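A short write-up of the structure that comes next.
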Amino acid sequence: MSPGDAVLRTAAADLRGHVDQRWVEIADALVSRALTASRPSPPLPARATSGPVHVSQQVVVGYLRDAVDAVDDCEVVTIRVDSDGDVCTGVVIALAVRYGTPLIPLADRVRERAEGRLQELLGPVAPPVTVAHLHVHVVDVTRGDPKL
Amino acid sequence: MDGPEREAVGTRSDAVLARRGALGDRVAFAELVRRHGAALHRYAVRMLDGAHHAAEDALQEALTKAWLHLPGFRGDSSVKTWLFRLVANECHDARRRRRPQPVDDRLLATVPADERSDPDAVSTAVDLRAALELALGELPWRQRASWLLREVEGLSYAEIATVLRTSPTVVRGQLHRARATLAVRMEQWR
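If you read the sequences in order, they're chains A and B. Residues in the first sequence are numbered from 1 upward in steps of one, following the working numbering. Residues in the second sequence are numbered from 1001 upward in steps of one, following the working numbering.
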């Protein structure tokens, strides 16, 4: 190794461990501004006490993820909300599941929580979004906790 | 975010955080940025010749795109590589927008030592870093990017190729030239 290589290696190691002070100062602001951007998302019909309203599909997906997150031994991989014009025709929730978890009781718990959250969010829409519209797919199996 | 929640988020893998972020989990996205932000910022500043405002703009744009496009992230690369690619694209665009400056012969000259500094003190970390950054600033863009991503950020040749939209063979060549040039430029800082 030449003397220049040795100095370069030392300098690279120093830079590797260096955190710009400016980053510490601006990190929170950059994240906050990034999170103000709205992802494009089609609307879903909902019914409030004041009458019909629309809710972004992204909002629905976020609430469903939050609801299913409380179920142990599984992690939501994707959520797809299907609609036909002004009607929600179905929700597909794909899960990663811990190896050995009984799937049918797990799917029942996921459906139950998802249905409750949908009804809270969309209100008394017609036709109602029921368990029959909620499809649970297991797309991955993990040995450890799928939430990690 | 309270202590236990922060702890729970902190133990999750990048892939799980990206998945949760794609489903609208803002805390997961913030944790991803907390993990990789310092490295992304370090890279952006060095790629934009120490122009902090331009680097912050590039980083802001990249993070906004990361948030918007996270639902489309399929995991073909690691989350870290994907984030570096977004930042590299923004830095590249920022450099293209700047007024071009002619390359002079300084690239082949030795780094002028600061006459006010004590030669015995130039080996301090700060001086060494300053010397490195001066030398880095004189490298061509791809060589500089390849060297930073490999030697500082620890990406593999394949990951660097993904970030820079080129092949691992090209990355290998760029790195070889960058190392050779930087070694010559740093030699006087022994």
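Idealized CB from N, CA, C, for every residue including glycine. This structure is a prediction, so every number in the text was calculated from the model and none was measured.
Secondary structure note for E1138 of chain B: it is in no alpha helix (DSSP H), with a DSSP letter that is neither H nor E.
Residue nearest to T89 of chain A within the set A:V129, A:D28, A:H18, A:A6 is A:V129 (criterion: CA-CA distance). Under the Cβ criterion (8 Å, minimum of three pairs), the region 1139-1148 of chain B counts as touching the region 1157-1177 of chain B. The beta carbon of G62 of chain A falls within 7 Å of a beta carbon belonging to chain B, placing the residue at that interface.
Annotation: V131 of chain A to V91 of chain A spans about 9 Å, alpha carbon to alpha carbon.
Around the beta-carbon of Y63 of chain A, 16 or more other beta-carbon atoms lie within 10 Å, marking it buried. Contact check for A48 of chain A against G116 of chain A fails: the beta carbons are separated by 7 Å or more. CA-CA distance, A94 of chain A to V1152 of chain B, rounds to 38 Å.
Taken in chain order, the members of the region 7-23 of chain A whose beta-carbon sits within less than 7 Å of a beta-carbon on chain B are V7, L8, T10, A11, A12, D14, L15, R16, H18, V19, D20, R22, W23. Distance from the CA of V125 of chain A to the CA of D1025 of chain B, rounded to the nearest whole angstrom, comes to 26 Å.
When Cβ-Cβ separations below 7 Å define contact, V31 of chain A makes contact with chain B. DSSP, reduced to helix, strand and coil, places S1077 of chain B outside both helices and strands of the structure shown, so it counts as coil. Interface flag for G1010 of chain B against chain A is unset, since no Cβ pair is found closer than 7 Å.
Per DSSP, V1027 of chain B is one residue of the alpha helix (DSSP H) stretching across 1026-1047. L8 of chain A places its beta carbon less than 7 Å from that of L1182 of chain B. Cβ neighbours of E1090 of chain B within its own chain (closer than 7 Å, five residues either side excluded): A1058, E1061, A1062. Contact annotation for H1036 of chain B against chain A: no contact, minimum CB-CB distance about 11 Å [criterion: below 9 Å].
Put simply, the backbone Cα of L1070 of chain B is about 7 Å away from that of A1018 of chain B. According to DSSP, residue pairing for A46 of chain A in a beta bridge involves A:V53.
The three-state reading of DSSP puts E1061 of chain B in helix, counting H, G and I together. Note on Q57 of chain A: 16 or more other CB atoms within 10 angstroms of its CB, so buried under the neighbour-count rule. Beta-carbon to beta-carbon, V71 of chain A and V110 of chain A are separated by about 6 Å, close enough to satisfy the 8 Å threshold. Here T78 of chain A has A94 as same chain residues with Cβ atoms under 7 Å from its own Cβ, once five neighbours each way along the sequence are excluded. The Cβ-Cβ distance between W23 of chain A and A1030 of chain B does not fall below 7 Å.
For E25 of chain A, none of the residues of chain B pass the 8 Å Cβ criterion, the least Cβ distance being about 10 Å.
For V87 of chain A, the number of other beta carbons within 10 angstroms of its own is below 16, and it is reported as exposed. In this model, H137 of chain A and E1138 of chain B are separated by some 54 Å (Cα to Cα). Close partners of V91 of chain A in chain B (Cβ separation under 9 Å) are lacking, with about 13 Å as the shortest Cβ gap.
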